[in-house]
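Working notes, structure below.
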Amino acid sequence: MTPKPSSASNPPPRIVVLGSLNMDLVLRVPHAPAAGETLQGHSIATIPGGKGANQAVSCAREGAQVRMIGCVGDDAHGTALRNALEQDGIDTAMLRTVAGEPTGTALILVEDSGQNRIVIVPGANARVELDEAALKQQVQGAAFLVTQFETPMDQVARAIAVAHGAGCKVLLNPSPVQPIADALWPRIDTLVVNEIEAQTLCGQAADTPQQAAQAGQALRAKGIARVVVTLGARGAVAVDADGARHHPAPKVQAVDTTAAGDTFLGALAVALGEGQPFDDAVRLGIRAAALCIQQPGAQPSIPRRDAVLQSPLPPDWTAL
Ligand code: ADP
-17 MTPKPSSASN PPPRIVVLGS LNMDLVLRVP HAPAAGETLQ GHSIATIPGG KGANQAVSCA
43 REGAQVRMIG CVGDDAHGTA LRNALEQDGI DTAMLRTVAG EPTGTALILV EDSGQNRIVI
103 VPGANARVEL DEAALKQQVQ GAAFLVTQFE TPMDQVARAI AVAHGAGCKV LLNPSPVQPI
163 ADALWPRIDT LVVNEIEAQT LCGQAADTPQ QAAQAGQALR AKGIARVVVT LGARGAVAVD
223 ADGARHHPAP KVQAVDTTAA GDTFLGALAV ALGEGQPFDD AVRLGIRAAA LCIQQPGAQP
283 SIPRRDAVLQ SPLPPDWTAL
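This note's numbering applies: residue -17 is where the sequence shown begins, and numbers increase by one.
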């Protein structure tokens, strides 16, 4: 089924994203240097990234009205990240510049073999402090609060509580994965996890679509309406009250899978916010992510809705 874009009579959904912003410094190198070795690299690229910012950009390019909550440092990377969001029409009024902290940075070494080695310095991302009153105002009437675990856990938990209390649905991507407090589970509407995060959170393997379906059911039983387990090249498994379905991904040549999960999540969130059925939303996410991985880098590789709708349809889903 082809997802319907928003129409004028149906205003774009509003989405509030709380999360990280990183500048990705991508160094292409023959191999990772050994201790004491000085190595000549092939190239360096400075690319806007960070899970929170990537997801915000994906939501915006899918047509949502997006507001980003987070922190950058008072430096050139902070200014560049703020500008990048604004170029996508994202409201940055709640993006704070923190004096004396560097902007979050991800140093990514890409070896000739394709293997990545990544060091993340959270910097200003660790300084996110929620203004509950301001957040309450923002989430009122919004389709979703979207958040992840790259900003301090206590602030994420507070934001989830505020959104839930204000009647705004919460879409959580618990990455990098860490345990979720019992009180938080029933406040989450939609959970998006990859196979490793699913396994960590429910203690059972989620490598195959069948296992992912079982893991998704176990996570749903904690009080969540919908769970998506993403399975890389094998697509994703959607789990809700109607059961579990495997949505295969189209076969494409992967150039760089950075931001694939974030792209998927943004497309899913916007489609759900538009009122599209869960399976159509997952399918849109799979098409968007397939386009993302055919381009290098994080934010530059996130497609717009019109490109997603022009891309080939993935294979049909199957009930599990
Ligand atoms: P994460 O990057 O968060 O670990 P995944 O690797 O599961 O997430 O990827 C997220 C989504 O991106 C997948 O559900 C799939 O739709 C898409 N994807 C990732 N890798 C590929 C691939 N090699 N071919 C096609 N789609 C892919």
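Quick reminder that beta carbons are idealized off the backbone N, C-alpha and C, glycines included.
Check: In the DSSP output, what is Glu93 paired with across the bridge?; Outcome: Val11
Check: Using beta-carbon positions only, say whether Leu77 and Gly52 come within less than 8 Å of one another.; Outcome: yes
Check: Just grab the DSSP bridge partners of Gln130 for me.; Outcome: Asn155
Check: Relative to the C-alpha of Arg49, which residue among Ala253, Ala75, Pro294 and Ala249 is closest?; Outcome: Ala75
Check: Across the stretch 258 to 269 and the stretch 209 to 221, are there enough close Cβ pairs to call them in contact, namely three or more that are closer than 8 Å?; Outcome: yes
Check: Hey, how far is the Cα of Glu256 from the Cα of Ala108?; Outcome: 32 Å
Check: At a cut-off of 7 Å, is Ile90 close to ligand 1 when judged by its beta-carbon and the heavy atoms of the ligand?; Outcome: no
Check: Give every residue of the same chain whose Cβ lies closer than 7 Å to the Cβ of Glu68, excluding the five residues on either side of it in the sequence, and list them in chain order.; Outcome: Thr74
Check: Which of the three DSSP states, helix, strand or coil, is assigned to Gly34?; Outcome: helix
Check: Quick check on Met50: does DSSP put it in helix, strand or coil?; Outcome: strand
Check: Can you tell me where the beta strand (DSSP E) holding Thr85 begins and where it ends?; Outcome: Note, Thr85: premise wrong, no beta strand (DSSP E); not H, not E.
Check: Which value, in whole angstroms, describes the spacing of the CA atoms of Gln97 and Asn4?; Outcome: 20 Å
Check: Near Phe314, what residues of its chain come up, given a Cβ to Cβ distance below 8 Å and the 5 sequence neighbours on each side ignored?; Outcome: Because residue 314 is not part of the residues shown, which for the chain are -17 to 302, the question remains open.
Check: Which residues does DSSP list as the beta-bridge partners of Thr20?; Outcome: Its beta-bridge partners do not exist; DSSP assigns none.
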